[in-house]
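One structure below.
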Amino acid sequence: METIIDSLVQFWNFTGFANASWQNLVMILIGIIFITIAIWKEWEPLLLVPIGFGMIIGNIPMFPGLNIGIYEDGSVLNTLYQGVKQGWYPPLIFLGIGAMTDFSALISQPRLLLIGAAAQVGIFGAYLLALLLGFDPNQAGAIGIIGGADGPTAIFLSSQLAPDLMGAIAVSAYSYMALVPVIQRPIMLALTTKKERLIRMPAPRAVSQKEKIIFPVVGFLLTAFIVPSGLPLLGMLFFGNLLKESGVTRRLAETARGPLIDVVTTLIGLTVGASTQADKFLSATSIKIFGLGLLSFVIATTSGVLFVKFWNLFLKGNRKINPLIGNAGVSAVPDSARVSEVVGREFDPSNHLLMHAMGPNVAGVIGSAVAAGILLGFLG
Amino acid sequence: MKRNRLILAALLLAATAALPLRAQNPTDLRISEILVENTKGLTDDYGERNGWIEVFNNSNGTVRFAGCYLSDDPADLKKYHIPSTDRSTAVGPRQSVVFYAGGDASKGTYYTNFKLRRGTTVYLVSNDGRTVIDCLEIPANLEADKSVMKVPVGIKAMDFQVKENAVPTPGAYNGDVDAKTKSQIMKEKDPTGLVLVLISVSTVFLSLTILAFVFGWIGKTSQRMLDGGGKKKRRKAAGAPSPEVATAIAMALDQELGGETYAAIALALHQYLASACHDTETYRLTIRHAASGWNNKVLNFRQLPKK
């Protein structure tokens, strides 16, 4: 009888119930909220479902030493986590993004690239604020990149500059990307007049296939020569786009934008979620990161909209740009462009801004990769 | 046209040749430090004190140096052959290895068959036995227990300057061992972060402005070629709905298919309608109706022989 009781006690000590802490339960609850939001509200479900479930996996209380935890060398989760830790998942995602993105909107109106550049101010504004809060420059750089609204870039940069903060940064970046419509709309309305919201922009010209093929090659050469440290992201982004546009690598392009990106997105979401173990995640630092992440999104949106308003002072006639596409300079594709369209139609149902907003939107992808390269060059 | 292509190819070749290409191979190795008279310093695996040669890997990848040579005689560059079969002969990125110059190579791979002398030059030679990868001259007045070393200089730490009678650091980095990280340097030099922000924002703008100018120019050239001579006329899409209607259709599809599909359809429809021409989209197949008569009832009837 005593043996049975001892065995039962030993078994109890192995269970999650015996090892649970309130922090684990909080994180599991947050994971469930992520999944609920993703399914119920359909906010970034492809990211929030894996991250949410990853949070649950990572916070199952367990007996240490079983070699199953994400931070235990050689465990299955640890092996999968290497793609995040070593930073090779994000470039693979960029390969897929390049293979699925049509840069026509940008090529037809290259001036809109500057809006993509203006929105990157969010990254550097958050960098300054993080320094003020006492973070080291490398940590501040990793936190600032949340303002790029680009999950893979945020993971890539934080894995290089501040691996210990990566979980909080990644979750913050993806969470705010899901909340783009909620965050950006009030800022856009506050910063624009009714007259500005009604500006109609001329239809962009058609883009030839030759231009589409030239774009990834020339775009890569120009950006990579200026910021070589952005090579992994820029290289994969433009390479993926060349696969798409060349017309002779159809199978490769389809794999990159289909099965490959799906597999990597699943793994990156799951492992980033699992990396948010309560003992490493629930801290005052994480709360600061979430606050700074929100501010970086606000600054990015504000700077994009204000930049267009400022630019309009020098433009005449139908060259004027509707400032409602200024928010699309952050690289949350196509969510922020969709916000431009929806807000624009609220004031003029026949004024469709989507195709114009897609230009700065994809410019934001390039801009955030360039910004990440610069930060890596200075602080890496 | 052919001439232009030739010029372009020549320019590309010239640009490639001008680039300082680097690869992780024995040419990245440097003789980084030499000590001739060792009375109280490093002992070898046999407990003996001899002169030594430190070889540093100046690259960011592991370099294998099996088969290379060490020599102190320019007339005999193959004096000591590093065994080509020894798999331990690799040095990690920015790391170094030490060869003991005791004059007895039978002790192992890292023991040379010659002793060091002041006033001579030590050569590291490639595995072809002819190409000198690097050399370091031993000063005639080098003191006992002092070394001659190459100290990394410059921001990339790839270039060196020779330092004589230095405190020996066998197997250790010759630069500043207390070197600060870039982040620490930035914290000291730019505590508020304003300089970095200014430079970074300018660089982002510069990159994208250059891109905008280049593609503005490419676009204009492309348009001129398209419009020139009237060779390719734009055709009007007959009976097509207006761009507004097209976008409205896309918005409706959003309910069914999701955001990405919505964005893609709206953009595609817009391009098709606004420019009134279908650009050569990849993977698009346009099927036009052409009467073949395959379903003509008359052709399906058995034809009775005419009397």
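First to last, the protein sequences are chains H and L. For what it's worth, the numbering used here labels the leading residue of the first sequence as 1, then goes sequentially. For what it's worth, the numbering used here labels the leading residue of the second sequence as 1001, then goes sequentially. Glycine included, each C-beta is placed from N, C-alpha and C at the ideal position.
| Query | Result |
| --- | --- |
| Residue 1062 of chain L and residue 1088 of chain L look like a contact to me (Cβ under 8 angstroms); what is the Cβ gap, rounded to whole Å? | Not quite, the Cβ-Cβ distance comes to about 12 angstroms (not below 8 angstroms), so this is no contact. |
| Excluding the five sequence neighbours on either side, which residues of its own chain have a C-beta within less than 8 angstroms of the C-beta of residue 20 of chain H, listed in chain order? | 61 |
| When you compare the CB of residue 366 of chain H with every CB in chain L, is at least one pair closer than 9 angstroms? | yes |
| Does residue 186 of chain H have its Cβ less than 9 angstroms from a Cβ in chain L? | no |
| Can you tell me the Cβ-Cβ gap for residue 1053 of chain L and residue 1101 of chain L, rounded? I've got them flagged as a contact below 8 angstroms. | 6 angstroms |
| Note down, in chain order, every chain H residue with its Cβ under 8 angstroms from the Cβ of residue 1203 of chain L. | 226, 227, 370, 374 |
| Would you report the Cα separation of residue 356 of chain H and residue 219 of chain H, rounded to the nearest angstrom? | 20 angstroms |
| For residue 182 of chain H, is the classification buried or exposed, using 16 other Cβ atoms within 10 angstroms of its Cβ as the cut-off for buried? | exposed |
| Considering only residues of the same chain and omitting the five flanking positions on each side of residue 1145 of chain L, which have a CB-CB separation below 8 angstroms? | 1035, 1037, 1038, 1039, 1040, 1041, 1168 |
| Touching or not, the region 249 to 259 of chain H and the region 26 to 34 of chain H, by the rule of three or more beta carbon pairs under 8 angstroms? | no |
| Residue 1030 of chain L lies in the alpha helix (DSSP H); which residues open and close that run? | Careful: residue 1030 of chain L lies outside any alpha helix (DSSP H), inside the beta strand (DSSP E) at 1029 to 1035. |
| Output the distance between the C-alpha atoms of residue 1124 of chain L and residue 1076 of chain L, rounded to the nearest integer angstrom. | 12 angstroms |
| Determine the direct distance from the alpha carbon of residue 337 of chain H to that of residue 129 of chain H, and round the result to whole angstroms. | 27 angstroms |
| In the DSSP assignment, what are the bridge partners of residue 1081 of chain L? | L:1069 |
| Let me know the alpha helix (DSSP H) ranges lying completely inside the region 193 to 250 of chain H, each 4 residues or longer, listed in chain order. | 194 to 197, 209 to 226, 231 to 246 |
| Below 8 angstroms CB to CB, which residues in the same chain sit around residue 352 of chain H once its five sequence neighbours on both sides are set aside? | 341, 344, 345 |
| Does the distance from the C-beta atom of residue 126 of chain H to that of residue 295 of chain H stay below 9 angstroms? | yes |
| Need the endpoints of the beta strand (DSSP E) that residue 378 of chain H sits in, please. | Not the beta strand (DSSP E): residue 378 of chain H falls in the alpha helix (DSSP H), residues 354 to 379. |
| Under 9 angstroms between beta-carbons, which chain L residues line up against residue 211 of chain H? List them in chain order, please. | 1215, 1218, 1219, 1222 |
| Per DSSP, which residues does residue 1197 of chain L bridge with? Please list them. | DSSP lists no partner for residue 1197 of chain L. |
| What residues match up with residue 1052 of chain L in a beta bridge as DSSP calls it? | L:1035, L:1100 |
| I'd like the list of long-range same chain contacts for residue 67 of chain H, defined as Cβ closer than 7 angstroms, with 5 residues on each side in sequence excluded. | 74, 75 |
| From the DSSP secondary-structure annotation, give me the bridge partner or partners of residue 1137 of chain L. | L:1121 |
| Could you please give the first and the last residue of the uninterrupted alpha helix (DSSP H) stretch that includes residue 1189 of chain L? | 1182 to 1189 |
| Going by the beta-carbon positions, is the gap between residue 106 of chain H and residue 362 of chain H smaller than 9 angstroms? | yes |
| Taking 9 angstroms as the threshold (beta carbon to beta carbon), is residue 1191 of chain L in contact with chain H? | yes |
| Kindly list, in the order they appear in chain H, the residues whose Cβ is closer than 7 angstroms to that of residue 1183 of chain L. | 136, 137, 138, 379 |
| Which residues in chain H have a C-beta closer than 7 angstroms to the C-beta of residue 1212 of chain L? List them in chain order. | 110, 111, 113, 114 |
| In whole angstroms, what is the alpha-carbon distance linking residue 224 of chain H and residue 1214 of chain L? | 15 angstroms |
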